[in-house]
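I have placed the structure first, in the form of C-alpha cells, so that the comments after it can refer back to it.
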Amino acid sequence: MTTHRTSKRRLAAGSAVVVAALLTTAGCGGGDKKSEGSGPGFNAAQNKIANPSDKKGGTLKFIGTQDADSWDPQRGYYGFVWDYARYYTRQLITYKPAPGAQSKELVPDMATDKAKISEGGKRYEYTLRPDLTWQDGKPITSKDIKYGIERIWAQDVLSGGPIYLKDTLDPKGEYKGPYKDKHPEKLGLKAIETPDDKTIVFKLPKPNGDFEQMLAMPAASPVRQDKDTGSRYGQKPFSSGPYQWVSYEPKKSMVLTRNPHWKKSSDPVRKALPDKVTLTLITNSDEMDKRLIKGDYDIDLNATGIGQAGRVEALRKHKGNLDNPMTGFIRYAVFPQTVKPFDKIECRKAVIYGADKQSLQTARGGPQAGGDIATNMLPPVVKGADPKYDPYGALENGGAPNTAKAKDALKKCGHPNGFKTTIAVRNNKPVEVATAESLQASLKKIGIQAEIEQYDGSMTAGIIGNPAYVKKHNFGIIIMGWGPDFPTGQGFSQPLVHSKYILDNGNNNYSMLNDPKIDAKFTQAQSELDEDKAAKIYTEMNKLVSEHAVYLPFVFEKNVIWRSSRLTNVYTADSFNGRYDYQALGVVK
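So for the sequence shown, the numbering used here puts the first residue at 17; every next one is plus one.
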C-alpha cells in the first residue's frame, strides 16, 4: 500500500520536538483507564470494542481532508477507501469484523464458506449465499462477480487500482478486458468459470497462497454489466452492500442511506447500524480537528492522525476520545543503487549507521504520534515479521547514531571524508520534510553533505518512480513510506524489492534491488498454502533484503486518532492498518 493511499497530515517541520514532549508530558502511555473527556478511555478501542452496541438508527458523520482516488471498487487504492467501501460493496470473502489482530482472519462474505481448494492450490471454488441482492432487488450472480473482476483488465480505462488478481489469473496478459471483449457472454476471462448463477470457479496458472487475500480486496467486488458506466462508475457505484449512494459532490460531500433490498440474513459481516452515513470534505486539517473535538463530526475518514494543534487540546481535555494504534506502515529512506556512491554497499551502510534514529522518530512526531523506532523492513502486522531483528543496531543506545561504524564504512567505500548527495522528499508532506532535515543534520556530523530537494508530491510516479529521473537528479536518498495491501510478505514487500517491479515509470522498487535469491523466496512463499510455512519464508526474504543495506527504516508508524463520544461498537482493525472498522460503527441518537 503506497503512502498516496493515506494522505499524511500537516505537521510543521520545526514542531516535532514540541509534539513529542507534549505527548510525553500528557502521559499517553497505554492502558484504557477512563480519563479526561467524555470518551470511554484512552486506547479503549485498541484491540477491544469501545461502547459495544447493536442499536440501530441515527446518522454517522465522517469528515475528511482528502477525497478518494476513486470510489470505483476496481480503481480505489487509498486505504480508507477500502475500509469505507464495505458500506456499498461486498466480496466473496472478507476480513473478520473483530478488533486488532483478530481482524486479519478471512471469513466468508457473499460465499457460503471459504474456498474449496484443489489441484494443488490452483483451483478455488465458491458457492454463493442465497438472498444476495443489488440495490434494485435483482439477485447478485456469479457472473456479476466475474464481470467486476474482469474490469481490472481494462487498465486503459480503469487504471490506478491493485492488479494482483490480473497478475495472478492472467500473468501473460492474454485477456483484453470486458470493454474489448466482443463476446463476453460466451467466455470472457478463461481463468474464471461460472457454471451456474451460484457457483464461481477460479483456475490459477500456478498456486498463490495469498489468492484469497486478493479476493478480499474491493477490486474483487461484483459489478453488474448493465450498470457499468466505465470511467464514471466511481461517481455513483451501484450497491451490493447495506448502503446505497444518494448524492456525491467530489471534494465536498457524500450521503449514503440504507439499501432497502440488502438482507441481513445474507450478510454475516456488516452490522449496518446507522440509518444514514454522511461525509463532509474540507481542505484545512486543523479546522477538521476543531470540528471533531467540538462534536460536529464523529470520525476522520482519512484516519491519518489528529494534527499537532488538535493533539494539544485533545490530550489535555479529551484523552478518553483517543486511540494510538500502529498503522502497519513503515516510514523509511531508500538508496537507489544506480546513484553514486550508493552503488557501494559500504556507502549505504555509512548512512544507516550515521543516522540518528531517535531524532528521526522525533521528527515523525515521537513515540506516540510517530511510532516505534523501526529495526527492519517488515512491519509487525505482517505474519513472519520480527521487530527484534535489528541487523544494524537501530535500538542500541536509545537510537543514537553509531558514529564509529559509520566512519569505518566511509573508509571502506572509498570516501573517508564523506561525500555529497541529495535527499528527495515530497513537498506536500511537511512531516517528511522534517524527517529529511533530521537525517541531513546527523549525516553532516560524519561528513556526508546532503542537499534536500522537495518535489511535487502529486507527481511521485513520474519523479521518484522514474529511475532515469532519479539518476539524472542525483537522488541518492529518497524519503518514503509503505503499508501492506494485505498482511503478508507478498502484500507488503513484493512491490518494494522484487525485480519484476522495477519499472521505467511508476516504479516502487526505488532501490533497484535485483536479487534472484529474493525473487526466489517470493516464488517459494507464494506456492506455499500453509501460511505459517509461508511466513517463515518471508522472514528469510526480509533478512536477505536487510543484507543489501538499501533501506533505512525510521519508524513502525503509529497515529493518534479521534473517535467521538457518540460512536458505538468502535475498534481498530489490523486488517485496515489500524483504522477503525467503519462498517461496524453505530451512533447514539
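For every residue, glycine included, the Cβ atom is placed at its ideal position computed from N, Cα and C.
- Residue range T215 to K219 is occupied by the beta strand (DSSP E) that includes F218.
- In the three-state reduction of the DSSP assignment, P569 falls in the strand class.
- DSSP, reduced to helix, strand and coil, places Q107 outside both helices and strands of the structure shown, so it counts as coil.
- By the Cβ rule, the region 67–85 does not count as touching the region 353–364, because fewer than three pairs are nearer than 8 Å.
- If you ignore the 5 residues before and after P290, its C-beta comes within less than 8 Å of the C-beta of K72, G73, G74, T75, L76, L601, G602 and V603, all in its own chain and listed in chain order.
- Straight-line measurement puts the Cα of A565 at about 44 Å from the Cα of Q251.
- Taking one beta carbon from each stretch, the region 177–191 and the region 266–282 have fewer than 3 pairs nearer than 8 Å; the two do not touch.
- Secondary structure of V449 (DSSP, three-state): helix.
- For T343, the enclosing beta strand (DSSP E) starts and ends at M342 to V350.
- Distances from the CA of L426 to each of G478, A452 and I368 were compared; the closest alpha carbon is that of I368.
- With distances taken between CA atoms, G326 lies nearest to N575 out of D70, N63, G409 and N575.
- D129 sits in coil when the DSSP states are folded into three classes, being neither helix nor strand.
- Contact between the region 168–184 and the region 297–306 is absent, with fewer than three C-beta pairs closer than 8 Å.
- Close CB contacts of A349 within its chain, under the 6 Å cut and outside five residues either way in sequence, are with I493, I495 and L568 (chain order).
- A check of alpha carbon separations from K445 across M475, A551, A390 and T419 identifies M475 as the nearest.
- In the structure shown, G311 falls within a coil segment according to DSSP collapsed to helix, strand and coil.
- Looking at the DSSP output, P124 bridges to I109.
- Between F218 and A207, the CB-CB gap stays under 8 Å.
- Residue pairing for Y471: DSSP places it in a beta bridge opposite R442.
- Note on G225: 16 or more other CB atoms within 10 angstroms of its CB, so buried under the neighbour-count rule.
- Spatial neighbours of F502 in its own chain (CB-CB distance under 6 Å, excluding positions within 5 residues in sequence) are listed in chain order as Q229.
- The region 318–334 and the region 106–121 do not touch, with fewer than 3 CB-CB distances between them shorter than 8 Å.
- Burial is judged here by how many other beta carbons sit within 10 angstroms of a residue's own beta carbon; G323 has at least 16 and is buried.
- Secondary structure in the region 518–591: the beta strand (DSSP E) runs of 3 residues or longer, each lying completely within the stretch, are 567–574 in chain order.
- The DSSP-derived three-state label of V285 is coil.
- With a cut-off of 8 Å on Cβ pairs, the region 272–283 is in contact with the region 144–153, counting three or more such pairs.
- The region 172–179 makes no contact with the region 153–160: fewer than 3 CB pairs, one atom from each, lie closer than 8 Å.
- Annotated three-state conformation of E190 is coil, per DSSP.
- A contact between stretches requires three or more CB pairs, one per stretch, nearer than 8 Å, and the region 312–321 meets this requirement with the region 572–591.
- In the DSSP secondary-structure assignment, Y264 is bridged to M270.
- Assignment of S515 by DSSP, reduced to helix, strand and coil, places it in the helix class.
- Rounded to the nearest whole angstrom, the C-alpha separation of S134 and Y140 is 7 Å.
- Between the beta-carbon of L411 and that of T391 there is about 6 Å, and that keeps the pair under the 8 Å contact cut.
- The region 536–551 and the region 425–441 do not touch, with fewer than three beta-carbon pairs separated by less than 8 Å.
- Rounded to whole angstroms, G505 and G499 show a C-alpha spacing of 11 Å.
- For V447, the closest C-alpha among the options A385, K162 and Q241 is that of A385.
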